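If you want our numbering, it's the position in the sequence shown, counting the first as 1, plus 329.
Yeah, the Cβ is synthetic: ideal placement off N, Cα and C, and Gly gets one too.
Predicted, not measured: the structure shown is a model, and the values here were computed from it.
Down below is the structure, laid out as structure tokens.
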Amino acid sequence: MKPIQMVDLVSQYHKIKDEVDEALQGVMNSAAFINGPEVQSFKKELAEYLNVKHVIPCANGTDALQIAMMALGLKPGDEVIAPTFTFVATAEVIALLGLTPVLVDVDPDTMVIDPKAIRNAITPKTKAIVPVHLFGQCANMVEIQKIAKEHGLVVIEDTAQAIGADHTMEDGSVRKAGTIGEVGCTSFFPSKNLGCFGDGGAIFTNDDDLADRIAMIVNHGMKVRYYHDEIGVNSRLDSMQAAVLRIKLRRLDEYNANRRAAAQAYSEAFASREDVQTPVHAEYSSHVYHQYTLRIKGKDRNALQKHLMDKGIPAMIYYPVPMHLQSAYQDPRYKKGDFEIGEMLMNEVISLPMHSELTEEQINHITSSVLEFLNQ
Ligand SMILES: *Cc1c(COP(=O)(O)O)cnc(C)c1O
């Protein structure tokens, strides 16, 4: 059996090696490293895939969030609502821009931001909501858009973990994750569902004016070269990354389908267990399984992780500490005990290996090792 990894990028590369190598050689031959034709084509192809008007590539997913907030004109003192149970990037850029992060709890089943909690956190200073489509499943965008409309708020979707996921709207129409709010932000970090060979990110929007401002901000705040209309940043996706992403974008649905098949095999193996909660599917969203995350109930989750390690199976805790308990984000507004669900999840969750290349043999070894621990 091939060694099991959390993410197997080498096997994935080998299946597309000839195509990728040729594309990278092409970039080197042209030396169009920045903003070359590969970047322009990728922008168009991703916009078509997502069915969104504008895609503005940038250097990484964290930049994407920061640039979106800058382009929306959020100012120090503005309150931005974000989930406490997530990756740090969201709270980080809010804090870096001098905005006030307002943390809220998540839904215990889907683990994404809870619309009821958003409603309760709104004050006259609230300006924006940042739903994170955690682990590959969308936050409830119908409810979130309703709340945003009622209160005149902007919605910035963090879709770094859910690219390709489908969200069903109230009228039955289907939209891609990241294209529902004012702006969507994603990451092409190698281990994401659509990953490049380094760092990369993108911002999407259907709003022409906002797209103009984003395009200006990523490029030092300039439209005409060396004339700077506002303070911007330098955040680019390079041509090598775009070349890789174009090839992988054509296979994204297949990669996501492989992840779903692996997830289904996992969930079937654990279906009858009362000490394990398998991922719960929201009726409004498809799941692209950036992570396959179990909740372990009444058993020692850390001991399970160790048991799996001993069997040659990596397993990760996403995330061991919610934002309100992180040292860097200590705030007199929050204390331990404030977010019941986030604090429960931090002790129960464990993510099993998840990628597009898992074999049946590997999956069987993983599920039988988990069951062996639970039965002992
Ligand atoms: C990965 C990730 C980011 C940040 O992306 P980078 O490209 O690493 O900066 C932001 N939000 C979430 C939810 C992520 O998973």
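query	result
Of the residues Val336, Lys373, Ser698, His343, the one placed nearest phenylalanine 533, counting alpha carbons only	Lys373
Short CB-CB distance (under 8 Å) between aspartate 639 and chain C	No chain C is present in this structure, which holds just one protein chain.
Start and end residues, alpha helix (DSSP H) containing phenylalanine 371	366-379
Identity of the residue in His616, Val573, Arg588, Lys626 nearest glutamine 606 by Cα	Lys626
For glutamate 351 and proline 366, the rounded distance between their alpha carbons	15 Å
Through-space distance from alanine 468 to valine 484, alpha-carbon basis	12 Å
Alanine 376 beta carbon less than 8 Å from that of valine 368	no
Near ligand 1: threonine 508 beta-carbon under 7 Å from a heavy atom	no
Assigned secondary structure, alanine 361 (DSSP; H/G/I helix, E/B strand, else coil)	coil
Nearest-angstrom Cβ-Cβ length linking leucine 703 and lysine 628, presumed shorter than 8 Å	7 Å
Residue span of the beta strand (DSSP E) that contains tyrosine 555, given as start and end	Unbroken run through tyrosine 555: none, as it is neither H nor E.
Member of Leu482, Asp347, Ala400, Thr413 whose CA lies at the smallest distance from the CA of aspartate 670	According to the sequence as given, residue 670 is isoleucine; it is not aspartate. When each option's Cα is compared against that of isoleucine 670, the closest is Thr413.
Leucine 700, enclosing alpha helix (DSSP H) - first and last residue	689-704
Cβ pair count under 8 Å reaching 3, the stretch 508-516 against the stretch 396-403	yes
beta-carbon aspartate 279 near ligand 1 non-hydrogen atom, thresh 7 Å	The structure shown does not extend to residue 279, since the chain is modelled only from 330 through 705, so no value can be given for it.
Residue range of the unbroken alpha helix (DSSP H) whose run includes glycine 671	669-677
Own chain, CB closer than 7 Å to lysine 552, minus 5 neighbours either side, in chain order	Met545, Asp558
Cβ pair histidine 496, isoleucine 451 closer than 8 Å	no
Other residues of its chain near aspartate 407: CB distance less than 6 Å, five sequence neighbours each side excluded	Leu428, Lys456
Distance cut-off 7 Å: valine 461 Cβ against heavy atoms of ligand 1	yes
Three CB pairs or more closer than 8 Å across the stretch 586-601 and the stretch 616-626	yes
Member of Tyr342, Met470, Met498, Glu499 whose CA lies at the smallest distance from the CA of glutamate 486	Met470
Close-in-space but distant-in-sequence residues of the same chain around isoleucine 492 (CB under 6 Å, 5 per side omitted)	Thr515, Asn522, Leu523
The beta strand (DSSP E) enclosing isoleucine 543, as first and last residue numbers	Not the beta strand (DSSP E): isoleucine 543 falls in the alpha helix (DSSP H), residues 537-547.
Local conformation of histidine 636 per DSSP, three classes	helix
Of the residues Ala600, Tyr555, Ile695, the one placed nearest aspartate 639, counting alpha carbons only	Ile695
Span separating the alpha-carbon of methionine 683 from that of arginine 589	9 Å
Neighbour-count burial assignment, lysine 346, 16 or more Cβ in a 10 Å radius	exposed
Own chain, CB closer than 7 Å to proline 519, minus 5 neighbours either side, in chain order	Leu338, Cys525, Phe526
Ligand 1 heavy atom lying under 7 Å from the CB of glycine 627	no
Opposing strand residues paired with asparagine 563 [DSSP bridges]	Asn548
Of the residues Asp528, Ala420, Ile642, Arg579, the one placed nearest proline 332, counting alpha carbons only	Ile642
Strand pairing of tyrosine 621, partner residues [DSSP]	Leu681
Delimiting residues of the beta strand (DSSP E) encompassing histidine 480	Not the beta strand (DSSP E): histidine 480 falls in the alpha helix (DSSP H), residues 470-480.
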